[in-house]
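Numbering (my numbering), first residue to last: 99 to 382.
Where is the CB? At the ideal position from N, CA and C, for every residue including glycine.
Beneath this line is the structure, given in structure tokens, with notes to follow.
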């Protein structure tokens with residue numbers, strides 16, 4: 099039976115001095131895919147500015163807002179309704195030939211097909227000092243290795259807000275051993291890609307009320323492509339396989355491709371942002 103979720107996204111931006119012009123792009127609308135159906139959207143702002151809907155380079159829906167009036171404060175309110183299939187993440191046929199799967203990772207056609215998610219970025223590059231940080235066991239299946247990597251990442255970083263930010267690279271994450279979901283996901287992606295496993299950064303929502311880390315804001319996790327299985331989601335922040343509690347918005351190479359909000363604001367002085375996310379199950 100599908101699970102129905104209501105997602106509420108709210109943010110208020112307050113500026114010390116008048117904003118003369120601003121351009122924002124929101125990447126917060128849940129997608130429709132084989133595990134979820136996006137039903138409705140309601141997005142509005144306190145200045146009654148008309149929203150413009152568009153599609154980004156990866157094919158995900160965005161909302162653009164461009165106020166043509168001066169202001170000191172603006173509030174954005176969004177509500178989305180999603181139906182999520184109640185699926186078992188372990189429901190797939192295990193590979194019968196582990197060696198053949200690893201050989202496929204090294205084949206030219208495979209590398210060409212998944213080139214975009216095999217390349218490291220500034221946020222998914224391990225520092226030179228971390229050579230040999232993690233070792234895969236080629237006697238295990240790719241899936242079992244990724245599960246082990248998921249657990250290792252979860253155990254290697256302590257979840258703590260305000261230690262890192264959206265510009266923090268892995269050298270600092272590995273040294274500090276503290277971070278938030280984007281840091282866990284960048285580390286997972288970096289190691290998986292180093293072992294030639296295509297991996298993409300995913301942004302979305304996590305159902306609250308289950309004691310998970312990262313459930314009060316937009317969440318991040320990874321999807322890795324496993325030969326003969328397909329894309330499988332891993333949540334290293336919580337040491338979980340992605341299932342019905344995870345509601346996907348988009349994917350990309352790293353956080354920069356999936357930032358929920360990008361914008362340019364023309365103003366001077368200080369500014370303050372208040373931000374919240376609620377994910378409510380209608381079955382509760």
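Residue 216 holds the alpha-carbon nearest to the alpha-carbon of residue 298 among 216, 247, 118 and 208. Beyond the five residues adjoining it in sequence on each side, residue 153 comes within less than 8 Å, by CB distance, of 159 and 160 in the same chain, given in chain order. In terms of Cα proximity to residue 170, the closest of 184, 117 and 265 is 117. Going by C-alpha positions, residue 114 is about 15 Å away from residue 120. Boundaries for residue 342: no beta strand (DSSP E) harbours it, and the DSSP string shows neither H nor E there.
A residue is called buried when at least 16 other Cβ atoms come within 10 angstroms of its Cβ; residue 186 does not meet this threshold and is exposed.
Out of 109, 150 and 336, the CA that lies nearest to the CA of residue 249 is found in 336. Here the region 219-231 makes no contact with the region 361-372; the two share fewer than three CB pairs at distances below 8 Å. One thing to note: residue 322 has its Cβ within 9 Å of the Cβ of residue 329. According to the DSSP assignment, residue 121 belongs to the beta strand (DSSP E) that extends over 119-124. Beta-carbon to beta-carbon, residue 378 and residue 127 are separated by about 17 Å, too far to satisfy the 8 Å threshold. Rounded to the nearest angstrom, the gap between the Cα atoms of residue 141 and residue 218 is 34 Å.
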